[in-house]
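Chemist:
Protein chains in written order, with the numbering used here: chain G, 1 to 201; chain Y, 202 to 618.
(1) When you compare each of G:55, G:23, G:29, G:19 to residue 38 of chain G by their alpha carbons, which one comes out closest?
(2) Can you give me the Cβ contacts of residue 35 of chain G inside the same chain, cut-off strictly under 6 Å, excluding the 5 residues immediately before and after it?
(3) Please confirm whether residue 201 of chain G has its beta-carbon closer than 8 Å to some beta-carbon of chain Y.
(4) Using the beta-carbon of each residue, which ones in chain G are nearer than 8 Å to residue 437 of chain Y?
(5) Does the distance from the CB of residue 295 of chain Y to the CB of residue 347 of chain Y come in under 8 Å?
(6) Cutting at 6 Å between CB atoms, please list the residues of its own chain near residue 262 of chain Y, excluding the five before and the five after it.
(7) From Y:430, Y:458, Y:529, Y:470, pick the residue whose C-alpha is nearest to that of residue 592 of chain Y; which is it?
(8) Alpha carbon to alpha carbon, what distance is there between residue 333 of chain Y and residue 373 of chain Y?
(9) Could you give the residue range of the beta strand (DSSP E) that holds residue 325 of chain Y?
(10) Taking CB distances under 8 Å as the criterion, tell me whether residue 152 of chain G reaches chain Y.
(11) Determine the chain Y residues that contact residue 143 of chain G at a beta-carbon separation under 8 Å, and present them in chain order.
(12) Would you tell me roughly how many angstroms separate the C-alpha atoms of residue 299 of chain Y and residue 228 of chain Y, rounded to the nearest one?
(13) Within the same chain, show all residues whose beta-carbon is closer than 7 Å to that of residue 139 of chain G, passing over the 5 residues directly before and after it, in chain order.
(14) Out of curiosity, what's the CA-to-CA distance linking residue 368 of chain Y and residue 442 of chain Y?
(15) Once DSSP output is grouped into helix, strand and coil, what is the label at residue 200 of chain G?
(16) Which whole runs of the alpha helix (DSSP H) in the stretch 386–417 of chain Y are 4 residues long or more, in chain order?
(17) Just verifying my parser: in three-state terms, what is the DSSP assignment at residue 204 of chain Y?
(18) Quick one: is residue 201 of chain G buried, meaning 16 or more other Cβ sit within 10 Å of its Cβ, or exposed?
(19) Can you look up residue 433 of chain Y in the DSSP assignment and give me helix, strand or coil?
(20) Name, please, each residue of chain Y whose Cβ falls closer than 7 Å to the Cβ of residue 5 of chain G.
(21) Going by DSSP, which residues form a beta bridge with residue 64 of chain G?
(22) Just the chain Y side, please: which residues come within less than 7 Å of residue 161 of chain G by C-beta, in chain order?
(23) Alpha carbons only, please: which of Y:518, Y:321, Y:557, Y:552 is nearest the one belonging to residue 578 of chain Y?
(24) Does the pairing of the stretch 124–131 of chain G with the stretch 146–159 of chain G give three or more beta-carbon distances under 8 Å?
(25) Which of the three DSSP states, helix, strand or coil, is assigned to residue 277 of chain Y?
(26) Return no unless some Cβ of chain Y is closer than 8 Å to the Cβ of residue 189 of chain G.
(27) Please determine if the stretch 210–226 of chain Y and the stretch 606–615 of chain Y are in contact, where contact requires at least 3 C-beta pairs separated by less than 8 Å.
(28) At least one CB of chain G closer than 8 Å to the CB of residue 285 of chain Y: is that the case?
(29) Is it the case that the Cβ atoms of residue 498 of chain Y and residue 401 of chain Y are separated by a distance below 8 Å?
(30) Please state whether DSSP places residue 503 of chain Y in a helix, a strand or coil.
(31) Candidates Y:589, Y:583, Y:575: which alpha carbon is nearest residue 249 of chain Y's?
(32) Give me the subset of the stretch 574–594 of chain Y whose CB atoms are less than 7 Å from a CB atom of chain G, sorted by chain position.
(33) Would you call the CB atoms of residue 63 of chain G and residue 79 of chain G closer than 8 Å?
(34) Could you please tell me which residues of the stretch 557–573 of chain Y, in chain order, have their CB closer than 9 Å to any CB of chain G?
(35) Cβ closer than 9 Å: which chain Y residues qualify as neighbours of residue 29 of chain G?
(36) DSSP on residue 616 of chain Y, reduced to helix/strand/coil?
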């Protein structure tokens, strides 16, 4: 298995060459980060190159890194991460691209390479507000008709912005600002490296 | 000449054949579908966002509520992703238990598919037949976890507890007298494993019954053969997995190709279809019922012979035994810490996928070292399959759309998340 991962790594380096911004091998998985400019070209190479042959896009998701590690994150805020699978070689790779502009994140679409990316990109647009340029049908997909905002961004409150109720006077369902306070039952905490000494306990 | 325009029609969101809350906007030329635009999200509960605000163990029960017909398979992927990040090894017995329950889950899910698919296209009896067997499997779920559907049985590091030695029994009521109850309790007199074994003895004959009703049935074939054909190339392009891929003749099963837990020690076959139509996918699923039965029997044999721990003894991840906790200070602290703060997962990212009854179910976790995940992404198989609905139903009648929906076998819990 380890030999196979080495082979994949070599093939990736050979096929993508200077397009690779970083290539990390951890926990038996390989993550390739490419820049937004090279994104489609790199994805095309991953798909077409017979040494890689990533015929399937398993998943594509947005990630908002703004609160990562309680504020230690320095890079771009939004990333689109996709999990690719090659049926022929039976290996996987993770492809990540960061959108350059935090205020208006735009990356190119992968629908031209993997048609299955369509809904995944709609989802990332809906939940994170990442624009996929060249996408044939970039509509919201999961949130309500007429929803405002991008709910999976870290600055969007868990309780949401509006709530819905039936108004007996107007005899219809109305939206109003949420009446509940956000509360955190278990605080989020990052422990130092050797806390609890995992693996020797 | 009269001006003929296409109709646009709403199908769902509350339609018995929509399998939950699917809203389809159909563009119709007479009764022929020109375009189908699925509107999803009616069941969106932001599971992934909720998981970011809960500790790892607290969000485990949410996984049950994704694909609520294949509960334990969802938990499995979630636990595997956490275990990979933590770098912990699951005890062998727990691996066998997981494989056994994955297959029980597969039978549960495929039985629901058979029943609901049959009901959708007019084979009413199937529903009654398959729910008879599902009842027994729900009893298995209940015996092992205490819940009939939302089990929350798998935990990071193993499973919640070992298989029970006794099976709960029926008590006599006004409706079921002593004699009827004795007959019901006949298979429940031994341990849970005895009950499951008894089930696996009976089950192949039950599958024969289903097949006798459907496989050569002329009406069934008229409704399914040649309906919703998808070529293997297109299925791969669209990211189809599981039966949707195998029905088109692509031999791809994570249990064989990327074996997790102890699937590499199991002896089973992967059925594949030829034509990629609704009928072939039905045949593949029926054959998978038989293969799952085989795997369960192999697990029972091993589990009988090999007692052992079912969860890691690393108390930073798994709770200590209740008895130890009552007497030992350290165990008490571990227990308290684990159930309040939870465990911190080292920074990193992992994608773990299992061969879910519906296809590839993957969990992608990004951790920044906190006791809560930074980002969880759930890759449900149904999401990708539903995407193909429009082109699969193009040129078919409205009634065939129902057959295709049934054959895609999606569950809105995992499509909408």
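For each residue, glycine too, the CB sits at the ideal point set by N, CA and C. Note that this is a predicted model, so its numbers are computed, not measured.
Modeler: In short, the structure shows the following:
(1) Indexing the first chain from 1 puts residue 38 of chain G at position 38. For residue 38 of chain G, the nearest C-alpha among the options comes from G:19.
(2) By 1-based counting over the first chain, the position of residue 35 of chain G is 35. Answer for residue 35 of chain G: 21, listed in chain order.
(3) Within the first chain, residue 201 of chain G is the residue found at index 201, counting from 1. Low confidence applies to residue 201 of chain G: its pLDDT is 43, below 50, so where it sits in the model is not reliable, and the reading given next is rough at best. So, interface residue.
(4) Counting from one through the second chain, the residue named residue 437 of chain Y turns up at place 236. The contacting residues are 55, 56, 87.
(5) For this step, residue 295 of chain Y is matched to residue 94 along the second chain. For this step, residue 347 of chain Y is matched to residue 146 along the second chain. Against a cut-off of 8 Å, the Cβ pair of residue 347 of chain Y and residue 295 of chain Y comes out as no contact.
(6) Your numbering for residue 262 of chain Y matches position 61 in the second chain. The residues are 353.
(7) For the purposes of this step, residue 592 of chain Y is taken as the residue at position 391 of the second chain. Per the Cα distances, Y:430.
(8) Counting from one through the second chain, the residue named residue 373 of chain Y turns up at place 172. Counting from one through the second chain, the residue named residue 333 of chain Y turns up at place 132. Approximately 20 Å between the Cα atoms of the pair.
(9) Taking the first residue of the second chain as position 1, residue 325 of chain Y is located at position 124. Element bounds for residue 325 of chain Y: not the beta strand (DSSP E) but the alpha helix (DSSP H), 325–346.
(10) Translated into the one-based positions of the first chain, residue 152 of chain G becomes position 152. Yes, residue 152 of chain G lies at the interface with chain Y (some Cβ there is under 8 Å from its Cβ).
(11) Mapped onto the first chain, residue 143 of chain G falls at position 143. Correct list: 242, 245.
(12) By 1-based counting over the second chain, the position of residue 299 of chain Y is 98. By 1-based counting over the second chain, the position of residue 228 of chain Y is 27. Roughly 45 Å between the two C-alpha positions.
(13) On the first chain, residue 139 of chain G is found 139 positions in, with the first residue counted as 1. Same-chain partners within the cutoff: 122.
(14) Locating residue 368 of chain Y in the second chain gives position 167, where the first residue counts as 1. Locating residue 442 of chain Y in the second chain gives position 241, where the first residue counts as 1. Approximately 36 Å between the Cα atoms of the pair.
(15) Mapped onto the first chain, residue 200 of chain G falls at position 200. Its pLDDT being 48, under 50, residue 200 of chain G is placed unreliably by the model, and nothing is read from it.
(16) 393–415
(17) The residue labelled residue 204 of chain Y in the question sits at position 3 within the second chain. In the structure shown, residue 204 of chain Y sits in coil (DSSP, three-state: anything other than H, G, I, E or B).
(18) To locate residue 201 of chain G, count along the first chain from 1; it is residue 201. Reliability fails at residue 201 of chain G, whose pLDDT of 43 lies under 50, so the model's placement of it is uncertain and no value is given.
(19) Your numbering for residue 433 of chain Y matches position 232 in the second chain. Here residue 433 of chain Y sits in helix by DSSP.
(20) What you label residue 5 of chain G is simply residue 5 of the first chain in a count that begins at 1. Chain Y residues near residue 5 of chain G: none, gap ~13 Å exceeds 7 Å.
(21) By 1-based counting over the first chain, the position of residue 64 of chain G is 64. The partner list for residue 64 of chain G (beta bridge, DSSP) reads G:78.
(22) Indexing the first chain from 1 puts residue 161 of chain G at position 161. None at all; the shortest Cβ gap to chain Y is about 13 Å.
(23) As a first step, residue 578 of chain Y is located in the second chain; it is residue number 377 there, counting from the start. It is Y:552 whose Cα lies nearest to the Cα of residue 578 of chain Y.
(24) yes
(25) Start at 1 with the first residue of the second chain, and residue 277 of chain Y comes out as number 76. Correct three-state label for residue 277 of chain Y: helix.
(26) By 1-based counting over the first chain, the position of residue 189 of chain G is 189. Yes, because at least one Cβ of chain Y sits closer than 8 Å to the Cβ of residue 189 of chain G.
(27) yes
(28) One-based indexing of the second chain puts residue 285 of chain Y at position 84. So, interface residue.
(29) For the purposes of this step, residue 498 of chain Y is taken as residue 297 along the second chain, with counting starting at 1. For the purposes of this step, residue 401 of chain Y is taken as residue 200 along the second chain, with counting starting at 1. Their beta carbons are under 8 Å apart, which means residue 498 of chain Y touches residue 401 of chain Y by this criterion.
(30) Here the question's residue 503 of chain Y lines up with position 302 in the second chain. DSSP places residue 503 of chain Y in helix when its eight states are reduced to three.
(31) By one-based count along the second chain, residue 249 of chain Y stands at place 48. That would be Y:575, whose Cα lies nearest to the Cα of residue 249 of chain Y.
(32) 575, 576, 578, 580, 584, 585, 588
(33) Reading the first chain from its first residue, position 63 is the one you call residue 63 of chain G. Reading the first chain from its first residue, position 79 is the one you call residue 79 of chain G. Going by C-beta atoms, residue 63 of chain G is nearer than 8 Å to residue 79 of chain G.
(34) 561, 563, 565, 567, 569, 570, 571, 572, 573
(35) Translated into the one-based positions of the first chain, residue 29 of chain G becomes position 29. Per Cβ cutoff of 9 Å: 285, 550, 551, 552.
(36) Taking the second chain and counting its residues from 1, the one referred to as residue 616 of chain Y is at position 415. Helix.
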